[in-house]
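A.B. asks: In terms of full-length UniProt numbering, the sequence shown opens at residue 1 and continues consecutively. Ideal placement from N, C-alpha and C gives every residue a C-beta, glycine not left out. All of these numbers come straight from a predicted model, not from anything done at the bench.
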Amino acid sequence: MSVTSSAPPCAVPQDVLSVSLGQGTMVQGPPADNSGSRFTPLVVLELASNTNPEAVAWLLSRIRDQQQDGGAELLVEQLGPGVDAQEKENPNMFLVGATWQRLLSGAEDVGLFKEFNDGSMRGFTCANKHDFKDYQGDGDSFLSMAECQYIIKHLLDTLRARQETHIPGHSEVKLYPGKSIIRRLQSKGILVQVFPLHDKEELKRLSFSWYRKVKLSLQPLDDIRHYYGEGQALYFGFLEYFTFALVPMALIGVPYYLFDWEDYDKYVVFAAFNLVWCTVILELWKRCSASLAYRWGTLSRKKAFEEPRPGFHGVLGFNPVTGREEPLYPHAKRLLRIYLVSLPFVLLCLYLSLYVMMIYFQMEGWALSIHDQEPSFWTGVLLFIPSIIYAVVIEVMNLIYRYAAEFLTEKPPAGVFISESPGPQSISSEYNHLVLRVLVFNFFNCFASLFYIAFVMQDMVLLRQSLATLLITSQILNQLMEAFLPYWLQRRRNKKMMRKVQQRRTLEDKELPLAEQVRLEADMSTYLGTFDDYLELFLLFGYVSLFSCVYPLAAVLVVLNNITEVYSDAFKMCRVFKRPFSDPAANIGVWQLAFEAMSVIAVVTNCSLIGMSPQVKAYFPDSESQLILWTVAIEHSQYLLRQVQDVQSQSARRGADQGLFQPILINLSLGSGCAAAFSHWSVQGCNGIPAQSHLGDMPTCLSWSWILHCPMSVLSGHTGLHRPPQESTGPHSNTTALRPPNEGRQDHGGRTQALCPQPG
C-alpha cells in the first residue's frame, strides 16, 4: 500500500489505519512521502518527558478511537529519533493527521463556510459537498492546510472525559465527565505544546510574494489568510489600511512642517482635520473589515459558548446558560479580589507613572536652565536627553506592567501564594480583561505628560519636542525588540541545529529530515498572538490623533514605521515563530472598540486645543461662555455622528466584546461637563498663576478627572453588567490649535521649573 504524490497536501487515503502505539514504539508501514511518515503530518503534540507511559497510551487511544466511541478518530504516530544518538530528546512527541473524510466531517462540525457554486458563502455540509466550488472529489485544493490544522485542533479540543475520574498513571490529575481532556492536560503541565507544522514549499512562495521582495504593492491578504487564517490576515489588513489612511495626513503635514504658516491658523486647521480624520477612518475600516470577513466566510458564522479556560478553578456548579456542570467562582470573592488586589495594584502603577513624569519635568527644567545660561550646540543637544530617557523608561514600565497584568489575569505559576485562578472564566473574557488593564496603564503612561504639557504648562515648543522624542524612541525600541532580537535568537538556534544535521546529512540531501524539521519548529518561539502588535498600533494612533497638530511630521514617521512593521512582522511570522493555528475571526474584536475610545478622546482633545487657540478666541472677545458652548457643541456633534454611523454599520461589530469598553464611551460622552470646565480653565490661561494654585485649582482637578476618570470605572475589568459566558466562533448557521510657539525659550526656564512640583 502506497500513497501517490498526487494526493492533496492534507489528504490521506481512506484505507490508511493507525496502529496501536505504546511507549517507545514506532508505527511501521509504507510512508506517504519521503518524510518517513505513513500519512501527511499536520499537527505536533508534545507531552512532558516524564509522562507516565500508561497516560501516553490512554491519550493516544482516545485520539484514535472512533467518533461514536468518544474519540477524535485521528491518525497519530510517534516522531522518530533525531540525528544525534547521544542527545537526550523528548520521546513523547507525536505527529497527528486525519483521513480526508474525517476532515470533511470536521469541516461541517466547526461550521466552515466555503464558496458555493452560485458564488455565495454557505456553511459546508458533507451532503452537499459536490455543490461547493473547487470540490473535485478527492478534495484537492478544497481545504487549505491551515483549515485542516484548525479542524484537527477542534477535534482534539472536543475530546471529553467519560467515566474516568483521573488521568491514568496520574491519580492527582482529576477528570470531570464531559470536560475537555486536552485543556486539563495543558493546565497540569502534562501536555507541553500543540502546534501546526509549516508547509515549506507554500511558506517559501508566500515569503517571496510578501516580504522577501521589496516592492510598492498591496499585501497578499488572501494568501496570508490561506496560510495563517483570518485573524492574522485581518491584522495585516488593518495595518495596511491604517498606513494608507495616514497618507493624506502625511501629505498635508509635510508642507505645514516645512513652511512657517503661523498666520494661516496652522494648528487650528490641522486640529480640525484630526477631528474628521480620526472618526472617518474607523467607520470606513468597519466596512472594509466586514467585506473581508464576508469574502472569507467568517462574517456569518454562528457563535458557540466557550468552556472554562485552562487553569480556571472553582467549585463545581451548574451553569444555567449552557446547562452543564462547570467550575464556578463565587461572585463576591471575585469582587473582593478585584477591589483588594487588582484595583490597588493598578492605582499604584498609575501613581508610579505620575511620579516618574514629575521627575521627567524636573530634568527638563534643569536642562532648560543650563541651556538658558550658556546656549551652545551641546546644551541644545542636552535639551533632548530628558525626553529620550523618559521615553525609554516608559517602554520599560509598559513591559513590566504587561507581565504584571498577565499575572493578575491568568493563573499564577505553581508555588505562588494562591493555588486557584479566580479570574475571567473563558479565554476570550480573559483576553479582554488583559486588554483593558494594559490599555489603561499604557494610555496614562504614554500620554499623561503630553496632556500636562499641553493644558497645564501650555508650552507648545516642549510639547512638540516631547511628542517627537517619545514617538521616535518608541519606534526604534519596538523595532529592536520585535524584529532584530527574535531574529538573532532564531539564527543561533538554527546554527546549532544545522551543525547537528550536518553530522549525518549526505551531499545529496537538500532538505532537513522530518524529525529534525519538527524538532527545529518545536524549539522555535511560540507566537503569542496579535496583542502586542495591536497595542503598538493603538499607541501610534494616539500619538497621531491627539497631538499631531503641533508636530505635523508625526503621520510621516508613523507611515514609515508601519512600512517597516509590515516587513518585520512578516519576517517573524515566516522565520522566527512557530506556525499559529488559524483563528476564524470576523473583525479585529475588542481592539475596534479600543480605537473608537481613543478617537473619542481625540475629538475632545482637539476641540479643547482649538478652543485654546488665540485665533479662535478672537472671534469671542466678550463672552468666553459662548466659546465653551461652541467647543462642547462641536464635540457632541462629532460623537452624535459617530453613533449614527454605528447604527448603520452594526453588522460590522459582530464578535467584539462591547461590555468592557462601552462604559468608557459612555463616560467620555457624559464627561463634557469636565471638558467644558477644562476648556474654561484653558481659556483663562495660566501665566502668572503660582504652581500651587494650578495644582489645587478646581478646573485643573476637573480636567485631570476627564483624563483619568473615564477609564477608571472599568479599571479593574468589572463593568457592573451581568452577561452570559463569552462566545467564540463555532458551528455554522445560515444567517447570512493652539497657542503659537513662543519666539524663544528664554522665558520657559523659570515657568517650567515653577510648574513642576517636587515628586511625591
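Alpha carbons only, please: which of S568, P177, A602, P513 is nearest the one belonging to K200?
C.D. replies: Per the Cα distances, P513.
A.B. asks: For A391, which residues of its own chain have a beta-carbon under 7 angstroms away from its beta-carbon, when the five flanking residues on both sides are left out?
C.D. replies: Counting only Cβ-Cβ distances below 7 angstroms, and skipping sequence neighbours, we find T469, L470, T473, S474.
A.B. asks: Roughly how many whole angstroms lie between the Cα atoms of L537 and Q67?
C.D. replies: About 44 angstroms.
A.B. asks: Do the CB positions of V43 and V96 come within less than 8 angstroms of each other?
C.D. replies: Yes. Within cutoff.
A.B. asks: List the residues that DSSP assigns as beta-bridge partners of S180.
C.D. replies: DSSP, once it has assigned bridges, lists R160 as partnering S180.
A.B. asks: Looking at P584 and Y228, is the spacing between their C-beta atoms short of 8 angstroms?
C.D. replies: No. Outside cutoff.
A.B. asks: The alpha helix (DSSP H) spanning L354 covers which residue range?
C.D. replies: Element bounds for L354: 343-373.
A.B. asks: Give me the DSSP bridge partner(s) of Q475.
C.D. replies: DSSP output for Q475 lists no bridge partner at all.
A.B. asks: Got a sec, what are the start and stop residues for the alpha helix (DSSP H) F547 sits in?
C.D. replies: Residues 531-547.
A.B. asks: I believe F39 touches L75 by the beta-carbon criterion, under 8 angstroms. Please report the beta-carbon distance rounded to the nearest angstrom.
C.D. replies: Correct: roughly 5 angstroms between the Cβ atoms.
A.B. asks: With DSSP as the reference, label R38 as helix, strand or coil.
C.D. replies: If DSSP states are grouped into helix, strand and coil, R38 belongs with coil.
A.B. asks: So Q193 is in the beta strand (DSSP E); what residue range does that whole segment cover?
C.D. replies: Where Q193 is concerned, the enclosing beta strand (DSSP E) stretches over 191-196.
A.B. asks: With a cut-off of 8 angstroms on the beta carbons, I'd call F142 and S300 a contact; round off their distance for me.
C.D. replies: Contact doesn't hold; Cβ gap of about 20 angstroms is too wide.
A.B. asks: Between the beta-carbon of A267 and the beta-carbon of S613, is there less than 8 angstroms?
C.D. replies: It should be noted that the sequence gives Tyr, not Ala, for residue 267. Their beta carbons are under 8 angstroms apart, which means Y267 touches S613 by this criterion.
A.B. asks: Once you ignore the five residues that flank Y211 on each side, which residues in its own chain have a CB closer than 6 angstroms to its CB?
C.D. replies: Here the set comprises Y567, A570, F571.
A.B. asks: So what's M93 in DSSP terms, helix, strand or just coil?
C.D. replies: Three-state result, M93: strand.
A.B. asks: Locate the alpha helix (DSSP H) running through F238, then write down its first and last residues.
C.D. replies: Counting along the chain, the alpha helix (DSSP H) containing F238 begins and ends at 230-258.
A.B. asks: To the nearest angstrom, report how far apart L348 and V440 are at their CA atoms.
C.D. replies: Rounded to whole angstroms, L348 to V440 spans 13 angstroms at the Cα level.
A.B. asks: In its own chain, which residues sit with a C-beta less than 6 angstroms from the C-beta of N90, not counting the 5 before and 5 after it?
C.D. replies: So the qualifying residues of the chain are S49.
A.B. asks: Could you spell out the range, first to last residue, of the alpha helix (DSSP H) harbouring Q101?
C.D. replies: It spans 100-109 - the alpha helix (DSSP H) in which Q101 sits, taken as one unbroken run.
A.B. asks: When DSSP labels each residue in this structure, what does M457 get in the three-state scheme?
C.D. replies: Three-state DSSP puts M457 in a helix.
A.B. asks: Which of helix, strand or coil does DSSP assign to L45?
C.D. replies: The answer is strand: DSSP assigns L45 an E or B state.
A.B. asks: For H166, write down the residues that DSSP places opposite it in a beta bridge.
C.D. replies: DSSP, once it has assigned bridges, lists K174 as partnering H166.
A.B. asks: Would you say L553 touches the ligand SAM, meaning its beta carbon is less than 7 angstroms from a heavy atom?
C.D. replies: Absent from the structure shown: the ligand SAM. Ligands present: none.
A.B. asks: Please classify L60 as buried or exposed, where buried requires at least 16 other C-beta atoms within 10 Å of its C-beta.
C.D. replies: When all chains shown are included, L60 counts as buried.
A.B. asks: Assign Y339 to one of two classes, buried (16 or more other C-beta atoms within 10 Å of its C-beta) or exposed (fewer than that).
C.D. replies: Exposed: under 16 other Cβ atoms inside 10 Å.
A.B. asks: In the DSSP assignment, what residue or residues form a beta bridge with G123?
C.D. replies: G123 is bridged to F113.
A.B. asks: I'd like the list of long-range same chain contacts for E521, defined as Cβ closer than 8 angstroms, with 5 residues on each side in sequence excluded.
C.D. replies: The residues are V44, F195, L197, H198, K578, R579.
A.B. asks: Please report the residue range of the alpha helix (DSSP H) in which V381 lies.
C.D. replies: Residues 377-382.
A.B. asks: In angstroms with no decimal places, state the Cα-to-Cα distance between I224 and I151.
C.D. replies: Distance between the alpha carbons of I224 and I151 is about 18 angstroms.
A.B. asks: Could you spell out where the alpha helix (DSSP H) holding Q66 opens and where it closes?
C.D. replies: Counting along the chain, Q66 falls outside any alpha helix (DSSP H), and DSSP gives it neither H nor E.
A.B. asks: Taking 6 angstroms as the limit between beta carbons, can you name the residues of its chain near E230, skipping five residues before and five after?
C.D. replies: Within the same chain, E230 has close Cβ partners W296, T298, P584, A585.
A.B. asks: Could you tell me which residues DSSP puts in a beta bridge with L593?
C.D. replies: In the DSSP output, where bridge partners are listed per residue, L593 has none listed.
A.B. asks: How would you write the range of the alpha helix (DSSP H) that L206 sits in, first residue to last?
C.D. replies: Taken as a continuous stretch (DSSP letters only), the alpha helix (DSSP H) holding L206 covers 200-210.
A.B. asks: May I have the straight-line CA-CA distance separating Y527 from R162, to the nearest angstrom?
C.D. replies: Their Cα atoms are separated by approximately 33 angstroms.
A.B. asks: DSSP three-state label for E77, please.
C.D. replies: Of the three classes helix, strand and coil, the one that applies to E77 here is strand, per DSSP.
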